[in-house]
Every structure is written in structure tokens, then in C-alpha cells.
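Undergrad: The sequence shown lines up with residues 38 to 146 when you count with the numbering used here.
The beta-carbon is built from N, C-alpha and C at its ideal position, and this holds for glycine as well.
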Amino acid sequence: KGFDAPLQIHRVTGMGGRFDLSLPEDTTRFVELSDEIPVRFALLEGKDVSPRQIEGRVWAGSPNGAKIRSAEVVEELRNIQIQLVESGHVVPGGCSAKVVQGSRAVDGS
């Protein structure tokens, strides 16, 4: 807000000068799950849910987040809708989340 042209920002952690403000360091600890949890997720475009479902597996979790492994890398800051899958069927309900980090595994998966 207040800029004439689009401005891209990457992980702002503080402001110096007269403000001298900084965000606390993220100390989230994820715990690897003994059994991965199958999920399906879709990208959100505003309030609309994409009809394309992406298969994934939750392999680690914390009180505030989860790590999902999928064949597709989703760009950071995308909103997604996640649903659990049991016996090949989507479990009713679900949740929305924001992708805060996306990466490709060393083996390409």
C-alpha cells in the first residue's frame, strides 16, 4: 500500500533506523510422523477453489503447521484447501492453509 508500482518482498524480518523492530525468529519444531497421512489439496484463487486436486502426504507436523510431500511444488504464499483421504476417499471437511515454503526434494520428488 502506498507504492506506485508492484513491490516484491522476501521474508522481511525487521526494520532498522528509528523503528528498530524485528520479528521473533521462527522456532517451530516439526515432528516426523511414523505413518504419512494421505491428503488432497487444491489451490485457492481468491475465494474460488480450483477443481484440480493435487495428491500429497503429510510427513511432519507441529502445533501450527504441517509438511506435505507431493509431486508438484506449490509456490510460496499460495492459499490451499486441504482434505484428508482415507481408504482412497476424501474425508468430509477440511481446512485452508498458506504455503510458507515450497521446495523440490534432492531426488526430484
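1. Note down the Cα distance separating Leu-58 from Glu-123, rounded to an integer number of angstroms.
2. Take Asn-116 as the anchor and find which of Gly-53, Leu-60, Ser-71 and Cys-132 has the nearest alpha-carbon.
3. When you compare the region 84-97 with the region 44-64, are there three or more beta-carbon pairs, one atom per stretch, that lie closer than 8 Å?
4. Which same chain residues end up closer than 8 Å to Arg-89 when comparing Cβ atoms and leaving out the 5 residues on each side of it in sequence?
5. Could you give the DSSP three-state label for Asn-101: helix, strand or coil?
6. Report the option in Ala-103, Thr-65, Thr-50 and Leu-44 whose CA atom is closest to the CA atom of Ser-73.
7. Tell me the residue span of the beta strand (DSSP E) that contains Pro-75.
TA: Straight from the coordinates:
1. For the purposes of this step, residue 58 is taken as the residue at position 21 of the sequence shown. For the purposes of this step, residue 123 is taken as the residue at position 86 of the sequence shown. Near 45 Å, if we compare the C-alpha coordinates of Glu-123 and Leu-58.
2. What you label residue 116 is simply residue 79 of the sequence shown in a count that begins at 1. Comparing Cα-Cα distances from Asn-116 to each of Gly-53, Leu-60, Ser-71 and Cys-132, the minimum goes to Cys-132.
3. Taking 8 Å as the limit for Cβ pairs, the verdict is that the region 44-64 does not touch the region 84-97.
4. The count along the sequence shown starts at 1 and reaches residue 89 at position 52. Within the same chain, Arg-89 has close Cβ partners Ala-79 and Leu-80.
5. Taking the sequence shown and counting its residues from 1, one reaches residue 101 at position 64. In this structure, Asn-101 counts as coil in the three-state DSSP scheme.
6. The residue labelled residue 73 in the question sits at position 36 within the sequence shown. Rather than Ser, the amino acid found at residue 73 in this sequence is Glu. With distances taken between Cα atoms, Glu-73 lies closest to Ala-103.
7. Counting from 1 along the sequence shown, the entry for residue 75 is found at position 38. 68-82 is the span of the beta strand (DSSP E), which, as asked, contains Pro-75.
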